[in-house]
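By the numbering used here, the letter at position 250 of the sequence shown is numbered 250, and the numbering carries on one by one without gaps. We put the CB at the ideal spot given by N, CA and C, even for glycine. Fair warning: this is a prediction, and the values are worked out from it, not measured in the lab. First comes the structure, then the notes that go with it.
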Amino acid sequence: MINKALQQSVRGVLTFSARASVRLPPRPFHYVPCCAQSTRSSASKRYPRFALDPQRHGPWVSVDNVFARGPLLDKGQKTAEIVTLTGRILTIRESSLKLFFYDIVQNGQVVQVVASRSLFEDKESFTETNRRLRRGDIVSFTGVVGKTKHGQVSLFPTREIQVLTPCLHDIPSRSGLKDPEKRFRHRHLDMLVNPEPVRILRTRAKIIQYIRRFLEDRGFLEVETPVLSANAGGANAKPFLTHANALDMDMQLRIAPELYLKQLVIGGLDRVYEIGKQFRNEGIDADHNPEFTTCEFYQAYGNLESLMTDTEDMLQGMVSSVLGTTSITCRTGDEVCFERPFMRINVMDHLERELGIPLDKVLRLPEEVATENLIAVCREQRVGLSGPLTIPRVLDKIISHYIEPLCVQPTFLYNPPVALSPLAKSSLDEKGREVAARFELFVGGKEIVNAYEELNNPEEQRVRFEQQMRERQQGDLEAPIPDVAFCEALEYGLPPTAGWGMGIDRVVQLLTGSTHIREVLAFPAMRPAPPR
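Listed below in structure tokens is the structure:
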């Protein structure tokens, strides 16, 4: 049994690096101490505290510090300063009993360690010390920085090699961890063997940092609003439900922070934004996860045109800052350019051309008649529909069929029918049609921004909420329940306000070329693993 386990372990290590010339079986971890005190003693030796003696270990250095010393050295030259480098062993190459090579990874950067017996103070323990090390161990090396005879910057241990944290499992090769279910359930392991998730998470952090800087440079204040409340509100979606024992009331995880943020504007905060989690109890696919991240901002005395300008400025600057270019290749293989100005499509004009009907006049008919007319046109034009067949859902399907595929380049879809925008102001366009003061930005065929001029008439808002209740009674369970408190807040006066929301996960997908939303989340939603 033991020999078989050791052989499997050796094979697992060998698959990681073809450069390895010698591999040893993992150290046994089956020692059971006879008492609690010896257990603590054994654990403290195997998992020591990290503390450096400045006289013996010198300063701790990062991989950047090691490489920074390189330009000052000639081939074969070493510094005199003693330093300590820490990191995880990526590969081990044993040249002989007197010479070991390690690749050490620290915060995503790799540096070589060259352990030579001729440089090590304790020559008697040199071979045993190095042969105890295993791939995956987190180790500290104390020695000097230098260059090999081939000019590679390396650390040369001279005083001490210590295991700070042992790795108790064989780490698979990258080719041995391709099953998505295993990758996402064991994200830590995926990150250890695959640099791509680490790159994506770093890019995600840069995107969020850029958004914060962009908004704060323009006078926006970051705020936090409730994630848990009596009414999820703010968007059409099924909420997650729970119960608060202390309050003895049912509560919901938020769908969007919109209604709270607008109440802050009513309260006198003219420019506010929030980056945070939203929750929608709906399906999971390549573009949707039940838990996702958005950025929303609200600006008093803004309008649709100023929002378009801000959106162009933000995205062009973001792509340039994060990627160093304004053009990317999206997952469809198309090249997308973020140079402003972005394309624009008038939704009402485009739909009337495609459908061959005066859409505005149809939408002014009684609700039941208008719905029947739209369904008939969709069936004639072979637009796929699925219930419940309310006016907003049918219009959404029509736009998805005719317009969204045209939006490979960054494209603003503006002037949609009012029925699609229950929280947006409306107006008459130059042809006398009632349209919403709203736009959506699509890139690569996917929506990434939704923005509009906020409806601030409390009576009109009540009428819109009542319409949503009728849609709910028709079977659209995603239509939100009216928020009476929000309408009362509007009675105190919401200044003319422009609101804007971005799906951060989708932007990260776009800028990293990721085909599935799971790739851009540190820990995506997963079904429980099947029992073994």
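By Cβ distance below 6 Å, which residues in the same chain neighbour R88 in space, the five residues on each side in sequence not counted?
-> V105, I138
N- and C-terminal bounds of the beta strand (DSSP E) containing M502 | 497-503
Would a C-beta distance cut-off of 8 Å place R159 and T142 closer than the cut-off?
-> yes
Rounded separation between G493 and P410 - CA only | 35 Å
S514, DSSP secondary structure in three states | coil
Answer yes if the stretch 240-251 comes into contact with the stretch 207-223, meaning at least three C-beta pairs across the two stretches below 8 Å, and no otherwise.
-> no
For V520, count neighbouring Cβ atoms within 10 angstroms of its own Cβ and tell me buried if that reaches 16, exposed if not.
-> buried
Below 8 Å between beta carbons: does that hold for I391 and E367?
-> yes
Between the Cα of Q109 and those of E460, A498, P195, spot the shortest distance and give me the residue it belongs to.
-> P195
What's the C-alpha gap between A436 and S306?
-> 16 Å
Under the three-state DSSP convention, the category F214 falls into | helix
Where V377 sits in the DSSP three-state scheme = helix
Kindly indicate which residue of M308, D190, D360, D349 has the alpha-carbon position closest to the one of F523.
-> D190
With a Cβ-Cβ cutoff of 8 Å, do A451 and R438 count as a contact?
-> yes
What is the rounded straight-line gap between the Cα of M249 and the Cα of A230?
-> 8 Å
For V272, the first and last residue of its enclosing alpha helix (DSSP H) = It is not in any alpha helix (DSSP H) - V272 instead sits in the beta strand (DSSP E) that spans 271-279.
Does DSSP put I92 in a helix, a strand or coil?
-> strand
For Q263, does the count of other Cβ atoms within 10 angstroms reach 16, so buried, or fall short, so exposed?
-> buried
Could you tell me whether any non-hydrogen atom of the ligand SAM is closer than 7 Å to the CB of D137?
-> No copy of the ligand SAM occurs in the structure displayed, which carries no ligand at all.
Label P226 either buried or exposed according to how many other C-beta atoms from any shown protein chain fall within 10 Å of its C-beta, with 16 as the threshold for buried.
-> exposed
Hey, out of A80, V153, V507, whose CA is closest to V114's CA?
-> V153
Whole-number beta carbon distance between R204 and V449, since they are thought to touch under 8 Å = At roughly 17 Å, the Cβ-Cβ gap does not stay under 8 Å, so V449 and R204 are not in contact.
With 16 other CB atoms within 10 Å as the buried threshold, where does A489 fall?
-> buried
If you check the beta carbons only, do M502 and P482 fall under 8 Å apart?
-> no
Which residue's Cα is closest to the Cα of P480: T309, D396, G233, V265?
-> G233
Kindly indicate which three-state DSSP category E368 falls into: helix, strand or coil?
-> helix
Between D334 and the rest of its own chain, which residues show a CB-CB distance below 8 Å, the 5 nearest in sequence each way excluded?
-> V408, G444
Expressed to the nearest angstrom, what Euclidean distance is found between the alpha-carbon atoms of C487 and E459?
-> 8 Å
In the DSSP assignment, what are the bridge partners of C337?
-> S327
At a cut of 8 Å, does the stretch 414-428 reach the stretch 347-360 through at least three beta carbon pairs?
-> yes
Residues near P304 by beta carbon distance below 8 Å, same chain, minus five either side | What sits at residue 304 in the sequence shown is Leu, not Pro. Closer than 8 Å at Cβ, skipping near neighbours: Y414, A437, R438, F439, A451, Y452, E453, A498.
If you run the structure through DSSP and keep just helix, strand and coil, what is Q579?
-> What the structure shows of the chain is the stretch from 1 to 532, and residue 579 is not part of that stretch, so it cannot be assessed.
Are F100 and N130 touching if we call contact CB-CB under 8 Å?
-> yes
Output the distance between the C-alpha atoms of Y301 and P496, rounded to the nearest integer angstrom.
-> 5 Å
Does the beta-carbon of P531 have 16 or more other beta-carbons within 10 angstroms, so that it is buried, or is it exposed?
-> exposed
Over the uninterrupted alpha helix (DSSP H) stretch that includes M526, give me the two end residues.
-> Taken as a continuous stretch (DSSP letters only), M526 belongs to no alpha helix (DSSP H), as it is neither H nor E.
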